[in-house]
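Peer 1: The sequence shown runs -24 to -1, 1 to 162 under mature numbering (1 follows the signal peptide of the UniProt record, and there is no 0). Even for Gly, the Cβ is constructed at its ideal location relative to N, Cα and C.
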Amino acid sequence: MEASMLKQLINAGILACLCGSAQAAATWNFQYQGFLDSRDGVFHADRQVNGSFVGGDWNANGIVERSEITSLVLNGVDYVICEPSTNAYYVCSIEAFNYSAADGLVFTAGERGKDPEGLVGGGHYFVSGEGEYHYRYRPGFEENYSYRWTPETTFTITAVPEPSTWAMLGAGLLLTAAAVRRGRRA
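As structure tokens, then:
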């Protein structure tokens, strides 16, 4: 009788371990703060770029790559979601993306648009570690400006635990406790 209960407990433990090892996509939130404004040459300590990305290192090479993310949000725009909207007059793209503990966060993403004649247009894009760029033009007018990274620009990134991770842990602990309790009664 005890051997049977022990087998059940071992099987429950194995099942709990397998559930815990299933990879769920992780969410990382990040923020850059403090930029040099190209228009006035002043460092703005309160200027921020806020973002997040969702993904995982699915090929286990230590790097979260462009093909492994399902979301990249920069100041409220999800560049993964807007990429399929690209056409002859509007382009939204992530030109580069990777994240690793060794190299940090590297990305280039943005959007640009123009009218069919190419007379009016503009764009906005981000290059991590370099700047946030804006430009627009129309006949008789052109504007370009940027917010540039400096040595004073700060960067923070945090991984957000998935709620399902906590739920699986709780369920596994409850099942293990129930199996142990049941074994004591027998």
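Check whether the segment 79 to 88 touches the segment 102 to 113, counting contact only when three or more Cβ pairs, one atom from each stretch, lie closer than 8 Å.
Peer 2: Yes: the two stretches touch, three or more of their Cβ pairs being nearer than 8 Å.
Peer 1: Does any heavy atom of the ligand MG sit closer than 6 Å to the C-beta of Ser43?
Peer 2: Among the ligands in the structure shown, none appear at all, so the ligand MG cannot be discussed.
Peer 1: When burial is assigned at 16 or more other CB atoms within 10 Å of the CB, is Thr62 buried or exposed?
Peer 2: Classification for Thr62: exposed.
Peer 1: Assign Ser14 to one of three DSSP states: helix, strand, or coil.
Peer 2: Coil.
Peer 1: Nearest to Val53 by CA position, among Phe117, Ile70, Tyr8, is which residue?
Peer 2: The residue with the shortest Cα to Cα distance from Val53 is Ile70.
Peer 1: Pull up the CB-CB distance for Tyr65 and Lys90, whole angstroms please, since I reckon it's below 8 Å.
Peer 2: Yes, they are in contact, since the Cβ atoms of Tyr65 and Lys90 sit about 6 Å apart, within 8 Å.
Peer 1: For Thr126, I'd like the list of residues in its chain whose CB is within less than 8 Å of its CB, leaving aside the five on either flank, ordered along the chain.
Peer 2: So the qualifying residues of the chain are Gly10, Phe11, Leu12, Phe19.
Peer 1: Quick one: using the 10 Å Cβ neighbour count with 16 as the cut-off for buried, is Thr129 buried or exposed?
Peer 2: Its Cβ being crowded by 16 or more others within 10 Å, Thr129 is buried.
Peer 1: Per the DSSP calculation, Gly80 is bridged to which residue(s)?
Peer 2: Gly80 is bridged to Ser76.
Peer 1: Does the CB of Arg112 have a neighbour CB from chain B at under 7 Å?
Peer 2: Annotation note: the requested chain B is absent from the structure, which comprises a single protein chain.
Peer 1: Keeping to the same chain, check which residues put their C-beta closer than 6 Å to that of Ser135; ignore five residues upstream and five downstream.
Peer 2: As written in the sequence, residue 135 is Ala, which differs from the Ser given in the question. So the qualifying residues of the chain are Ala2, Trp4.
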